[in-house]
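Residue 12 is where the sequence shown starts when you use our numbering, and the numbers rise one by one after that.
Below: one structure, written as structure tokens.
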Amino acid sequence: MNIHHIRNATIVVEYVGKKFLIDPMLSDKGTMPPFGTGVGLPPAPREDQNNPLVSLPTSIDNIISNINAVIVTHLHPDHWDEAAIEALPKDIKLFAQNDEDVTAIRNAGFQNVEVLQEGTVFEGIQLIKTKAEHGRGEILEHAGHTCGVVFKHADEKTLYVAGDTVWYNAVQEVIDTHKPEIIVVNAGDNQFLVGGSLVMGKDDVYEVVKAAPAAKIIAVHMEAVNHWTLSREELKNFINEKEIASNVLIPNDGESYSF
12 MNIHHIRNAT IVVEYVGKKF LIDPMLSDKG TMPPFGTGVG LPPAPREDQN
62 NPLVSLPTSI DNIISNINAV IVTHLHPDHW DEAAIEALPK DIKLFAQNDE
112 DVTAIRNAGF QNVEVLQEGT VFEGIQLIKT KAEHGRGEIL EHAGHTCGVV
162 FKHADEKTLY VAGDTVWYNA VQEVIDTHKP EIIVVNAGDN QFLVGGSLVM
212 GKDDVYEVVK AAPAAKIIAV HMEAVNHWTL SREELKNFIN EKEIASNVLI
262 PNDGESYSF
């Protein structure tokens, strides 16, 4: 297995010889509006900074080369943007969380779109949709639905890509049920100025480590869009203080890990 962190939540997973592109945000730096400026949304940090805050670490052609399937956990523009819609072949296999998202993706011209289920199988690989909560309390009304996914195959370690979620009981249940050896968490503690965390912060990451002490945790979704609040440096200091640095990997954009 190889996990190539691109930027934000965008990763390329090579699993049993198949390449999966997950949550592609492929826009050039500064070409998308900041979050928190939409109608009905609360204000966000750095609301004067356009997204993405950083450039892609490699070309779009390199990122999408030889991709076998795309998984879109939800349609927020930092996970599925116009640049991805334009760049990806319209006949590529694509998985989305529900019928509503499938319809929207098909309306963008994609022909081979399927709802990710708990029993999905692709090229012999189990793809198991998992629950996720994109925040806590009232902010969920703004954040909407999302999901994660577990990859399973006899020839690979079990991988859990948690998606845009905070730590809560369903994440614990996924870990207890599937016993993933590799876990990717979105850990930028992204927030608006009211409503609290939309994804995991450092304490959430600590809960994941305690729930899966033998797993390698890869923390992504950091420092790439204007409403991040947890930096890589702060998370590194935290995991050192908690003596869990051997459990948690914090990749730079463009960095890869093989397992």
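In this text, a Cβ means the ideal position worked out from N, Cα and C, and glycines have one as well.
None of these values were measured; they are calculated from a predicted model.
Can you say whether aspartate 166 is buried or exposed, counting buried as having 16 or more other CB atoms within 10 angstroms of its CB? exposed
Measuring alpha carbon to alpha carbon, tell me which residue in Thr157, Thr131, Ala154, Ser208 is nearest alanine 80. Thr131
Beta-carbon separation (whole angstroms), cysteine 158 vs threonine 169, contact threshold 8 angstroms: With 8 angstroms as the limit, cysteine 158 and threonine 169 do not qualify as a contact, their Cβ atoms being about 17 angstroms apart.
Residue of Asn13, Val124, Glu244, Val216 minimising C-alpha distance to tyrosine 179: Val216
Quick one: residues in its chain with C-beta nearer than 8 angstroms to the C-beta of serine 267, no 5 flanking neighbours on either side, listed in chain order? Asn13, Ile14, His15, His16
Could you tell me the alpha carbon to alpha carbon distance between alanine 235 and asparagine 19, rounded to whole angstroms? 5 angstroms
Do valine 160 and valine 172 have their C-beta atoms closer together than 7 angstroms? yes
Within 10 Å of its beta-carbon, does alanine 225 have 16 or more other beta-carbons around it, so buried, or fewer, so exposed? exposed
With DSSP as the reference, please indicate the residues paired to serine 269 in a beta bridge. Asn13
What separation, rounded to the nearest whole angstrom, lies between the Cα atoms of glutamate 192 and isoleucine 229? 11 angstroms
Would the beta-carbon of phenylalanine 203 fall within 7 angstroms of that of alanine 98? no
Check whether the region 60-79 touches the region 116-125, taking contact to mean three or more Cβ pairs, one atom from each stretch, closer than 8 angstroms. no
Checking 7 angstroms against the spacing of the C-beta atoms, do valine 24 and histidine 164 come in under that value? no
Pop quiz: glycine 206 and glutamate 149 are said to be a contact at Cβ under 8 angstroms. What is the actual Cβ separation, rounded to whole angstroms? 6 angstroms
Give the single residue among Val219, His156, Asp175, Ala95 whose Cα lies nearest to the Cα of serine 208. Asp175
If contacts are defined as beta-carbon pairs under 8 angstroms, then asparagine 197 and histidine 232 qualify, I think. What distance do you get, rounded to the angstrom? 3 angstroms
Could you give the distance in angstroms between the alpha-carbon of leucine 138 and the alpha-carbon of aspartate 92? 23 angstroms
From the DSSP secondary-structure annotation, give me the bridge partner or partners of glycine 159. Thr141
Can you give the Cα-Cα distance for isoleucine 103 and isoleucine 194, rounded to whole angstroms? 26 angstroms
Our contact map puts lysine 30 next to isoleucine 78 with C-beta atoms below 8 angstroms; I'd like the distance itself, whole angstroms only. 5 angstroms
Smallest Cα separation from isoleucine 74: which of Asp89, Met36, Pro88, Ile136? Met36
Whole angstroms are fine: how far does the CA of leucine 32 sit from the CA of leucine 67? 14 angstroms
Would you call the CB atoms of phenylalanine 46 and asparagine 237 closer than 7 angstroms? yes
I'd like to know whether the C-beta atoms of lysine 227 and phenylalanine 249 end up nearer to each other than 7 angstroms. no
For phenylalanine 106 and histidine 87, the rounded distance between their alpha carbons: 15 angstroms
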